[in-house]
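FYI, the numbering for the sequence shown is 6 to 186, going by this note's numbering.
As structure tokens, the structure follows; a few thoughts come after it.
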Amino acid sequence: MKGIIFNLLEQVVTDAHGADAWDDLLERAGLDGAYTSLGNYPDDQLFALVGAASAALDLPADDVVRWFGRSAIPLLAGQFPDFFSGHDSTKPFVLTLNDVIHTEVRKIYPDAVVPVFDFSTTDNGRLALAYHSPRQLCQLAEGFIEGAAEHYGETVTFEQPACMHRGDDHCLIVCAFARSA
């Protein structure tokens, strides 16, 4: 996994809970925490940090991962404003994941392994994302989408009729967006 993910995690944890909380997570996970944005690190290190946060907060790991994604979006919007500025709502932004955002990620980080999304619209107009990734971080995708919805002044609800964590070969994330009140 690219170091930028660990850098984002450190920043959201530090912003929300202070530097001591990040140091505590590293200690609980048995990691030294020396991450450079261009470096490659074993996925297990992210999962160890999530596990440590889950135990420390007495929250399910899925909730921790979703919180991370949601909390990282304001940082990403600050670092990469061009990805966000061309849209006025979440759905068109999300539809740029494969062709714009992940293409640009690969330019910056040529060896990055990014998820692939297949998009469709349901009969009732909802956005359906088929998520394909060996990392099985569908909750991170949901968190990023929640953060993007907040960025655009919207709310989002999810249904997940298929999930790799339940034995399916991909995750199907169905999103319904609404303007925030």
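In this text, a Cβ means the ideal position worked out from N, Cα and C, and glycines have one as well.
From a predicted model like this one, the values you see are computed outputs, not experimental measurements.
Backbone CA spacing between Cys168 and Thr162 [nearest angstrom]: The residue given as residue 168 occupies position 163 in the sequence shown. The residue given as residue 162 occupies position 157 in the sequence shown. Their backbone Cα atoms lie some 16 Å apart in a straight line.
Near the ligand FAD: Asp20 beta-carbon under 7 Å from a heavy atom: The ligand FAD is absent from the structure shown, which contains no ligand whatsoever.
DSSP three-state assignment for Pro97, whether helix, strand or coil: Sequence index remark: in the sequence shown, residue 97 carries index 92 (1-based). Pro97 carries a helical assignment under DSSP once its states are collapsed to helix, strand and coil.
Pro97 versus Ile9, Phe182 and Ala186, residue with shortest Cα-Cα distance: As a first step, residue 97 must be located in the sequence shown, where it is residue number 92. For the residues Ile9, Phe182 and Ala186, the minimum Cα distance to Pro97 belongs to Phe182.
Reduced DSSP category for Val118 - H, G, I as helix; E, B as strand; rest coil: Translated into the one-based positions of the sequence shown, residue 118 becomes position 113. When secondary structure is reduced to three states using DSSP, Val118 falls in the coil class, being assigned neither helix nor strand.
8 Å contact criterion, which Leu54 and Ala82 should meet: CB distance rounded: Counting from 1 along the sequence shown, the entry for residue 54 is found at position 49. Counting from 1 along the sequence shown, the entry for residue 82 is found at position 77. 23 Å between Cβ atoms; not a contact.
Three-state secondary structure assigned by DSSP to Thr126: In the sequence shown, the residue the question calls residue 126 occupies position 121. Correct three-state label for Thr126: strand.
Reduced DSSP secondary structure (H/G/I, E/B, other) of Gln165: On the sequence shown, residue 165 is found 160 positions in, with the first residue counted as 1. In the three-state DSSP reduction, Gln165 falls in the strand class (E or B).
Whole-angstrom distance between His175 and His137, CA atom to CA atom: What you label residue 137 is simply residue 132 of the sequence shown in a count that begins at 1. What you label residue 175 is simply residue 170 of the sequence shown in a count that begins at 1. Between the C-alpha atoms of His137 and His175 there is a straight-line separation of about 5 Å.
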